[in-house]
Amino acid sequence: MEPKVAVSTVIQRMRDRRVLVLRRSDNGKWNFPGGKVEPPENLEQAAAREVLEETGFEIRPTKIAMVFSNGTDNGGTFVFVIFKATMVIDPEVTINSEHTEYRWVTARELKEEISSDALPRLKAYAMFDQTATGGVYHRDPTEYPWYPGEYAEIGKAKDGRG
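Sequential numbering from 4 applies to the sequence shown in the working numbering.
Encoded structure:
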């Protein structure tokens, strides 16, 4: 079975380092903008399209922060590619029907609000923010020695390891 590919983008506002989260209308969970790649688009095009559809503003994904995969209920595989984008100016956010609200939040605020399925995206953001290099990781980023404590605390609080 061919793996399915999805993208997500952690968008950080430069002036205060807050990140954009959107509340999904179907389940009320907070998440980062993203969705499935639609052929023939490439990963960057998919990330830019999803952000435009879900927020009403344009971005240019800067770097891949993380790549990870999960199994699906039907035995398939979902590959997630997480980008980071930084906003120099404050964009006007116009959410679509997939979401009910948005917020610009700090890492500490995310601790209580992020959905468990978005946790790897937050970890990707933390990895990118700390190393400024991006990368591909095949295990829990909190296991790496340079994983920043502020974000590790969030991960442990939400995934039951802490």
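We put the CB at the ideal spot given by N, CA and C, even for glycine.
One Cα belongs to S28, the other to A51, and the distance between them is close to 21 angstroms.
Nearest in C-alpha terms to V84, of all of E95, V70, R63, G59, is V70. When DSSP states are grouped into helix, strand and coil, T58 belongs to the helix group.
For R106, the enclosing beta strand (DSSP E) has its first and last residue at 102-108. Contact annotation: V24 and V108 have beta-carbon atoms nearer than 8 angstroms.
Within the same chain, Cβ atoms closer than 6 angstroms to the Cβ of E47 are found at P64, the five residues on either side in sequence being excluded. Note on geometry: alpha-carbon atoms of T12 and R26 lie some 15 angstroms from one another. In the DSSP annotation of this structure, M4 is not part of any beta strand (DSSP E), being labelled neither H nor E. Under the DSSP assignment, I67 falls in the beta strand (DSSP E) whose first and last residues are 66-74.
Cβ-Cβ distances below 6 angstroms link M4 to G79 in the same chain, with the five nearest sequence neighbours on each side left out; the list follows chain order.
Counting only residues of its own chain and dropping the five nearest sequence neighbours on each side, R106 has a CB closer than 7 angstroms to the CB of V24. When C-alpha distances from L113 are compared across W33, I62, V8, A9, the shortest belongs to W33. Within the DSSP bridge table, the entry for F81 names K7, N73 as partners.
Secondary structure at R16: strand, using DSSP grouped into helix, strand and coil. Within the same chain, and ignoring the five residues on either side of E56 in sequence, the residues whose Cβ sits closer than 7 angstroms to its Cβ are N99. In this model, A68 and V10 are separated by some 11 angstroms (Cα to Cα).
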